[in-house]
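Numbering (my numbering), first residue to last: -1 to 393. Yeah, the Cβ is synthetic: ideal placement off N, Cα and C, and Gly gets one too. Just so it is clear, the structure is predicted and the values come from calculations on it, not from any experiment. For reference, the structure discussed in these notes is given below.
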């Protein structure tokens, strides 16, 4: 078999190509997304109408909310964003899947009482959220919840806990602390129309060195959501093996992750929190090199609106930081165009900080595409359908 490179001129969006994918989504392209949690949920749900072969590389470093309780109790990666993405890709038209998605999205109330008794009712199959799920899914879920209940520390706080996170945590513990098996099982159970993977299967945390020299540890302290927003720009992002002290960790990606990146028909650096969702996905050793070697279009879609993480960084600066991260493994030989070919934005309708110098980026082989991505209904966010159509046209 010979491999060749073919160049062609296209329209974006390409209505004919999008229509072809919509007729046979099971044969759709392998769009690979580097992303974190909620920002890509709308696109993920819309994308299944066009392709069942998307790949979602998720950051497992969340250290806030109910994820923090699970991570502290079991010394494991964060699973909440992985769980949410699997459910976004689930085929809810199949019998029982709507009920599974509802159960996995359910959280115990933050001020709830007798929550352990409620969990026990789920294990027994008597809770209404479990009772409506048909077998064999119900038995599998009950078995996983029983395992969690058995291994749950006596002082574990169930307030605000996501039931889906409890189920996947049990699967993680039952499978010798490997993510792949439990992700595979539940992806098959709900017929997820796409593949979801954490970028690494390690218990690590995010850390940042700020421009004023301070070091901040923990994703929840960087996002400006659970803690006050940063008052000094992020100068460096890194992985730490500890949440209490700076213990820098360098972890390589596995062969399977390299193969997934190599198999992509398009790589998208997706909208979301710039550092904790996007740049965090690129930190493990080997990600940047695998992206550079992949022979497919590589697209950055910057977020619109306010991102507390980009203090002191305009839109052009974000592109430069992204390029620096992607060229990190071999900056002397990897060119900008090796890791990024397109930046998609909507200059007319988007709320961006600053502008893009299309001419300067073009001289480096990076083409700026100014497209309609935002509608009055979606503003200030990107419209999932318009973004899906643009990416599918480039694939």
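*Using the C-alpha atoms, what's the distance from residue 133 back to residue 230?*
53 angstroms
Rounded distance between the beta-carbons of residue 102 and residue 165, thought under 8 angstroms = 7 angstroms
Discussion item. Measuring CB atoms only, is the stretch 53 to 64 touching the stretch 27 to 36, in the sense that at least three cross pairs come out at less than 8 angstroms?
Written reply: yes
Discussion item. For a test of the three-state rule: what should DSSP assign to residue 24, helix, strand or coil?
Written reply: helix
(Q) Please report the straight-line C-alpha distance between residue 223 and residue 64, rounded to a whole angstrom. (A) 14 angstroms
* The beta strand (DSSP E) spanning residue 365 covers which residue range? -> 365 to 368
Starting from the C-beta of residue 43, find all residues in its chain whose C-beta is less than 6 angstroms away, skip the five residues before and the five after it, and write them out in chain order.
86
- request: Mark residue 294 as exposed unless 16 or more other C-beta atoms lie within 10 angstroms of its C-beta, in which case mark it buried.
  value: buried
So, at 8 angstroms on beta carbons, what are the nonlocal neighbours of residue 221 in its own chain, with the 5 sequence-adjacent residues on each side left out?
62, 271, 274, 306, 307
>> Can you tell me whether residue 84 is buried or exposed? The criterion is at least 16 other CB atoms within 10 Å of its CB, across all chains shown.
In response: buried
| Simplified DSSP assignment, three categories, for residue 296 | strand
Should residue 160 and residue 94 be called a contact, given that it needs their Cβ atoms to be closer than 8 angstroms? no
Start-to-end residues for the alpha helix (DSSP H) that takes in residue 97
95 to 103
Just list the residues that DSSP pairs residue 196 with in beta bridges. 56
Requested in this report: Measuring alpha carbon to alpha carbon, tell me which of 327, 312, 73 ends up nearest residue 150.
Outcome: 73
Residue 99 beta carbon less than 8 angstroms from that of residue 88 = yes
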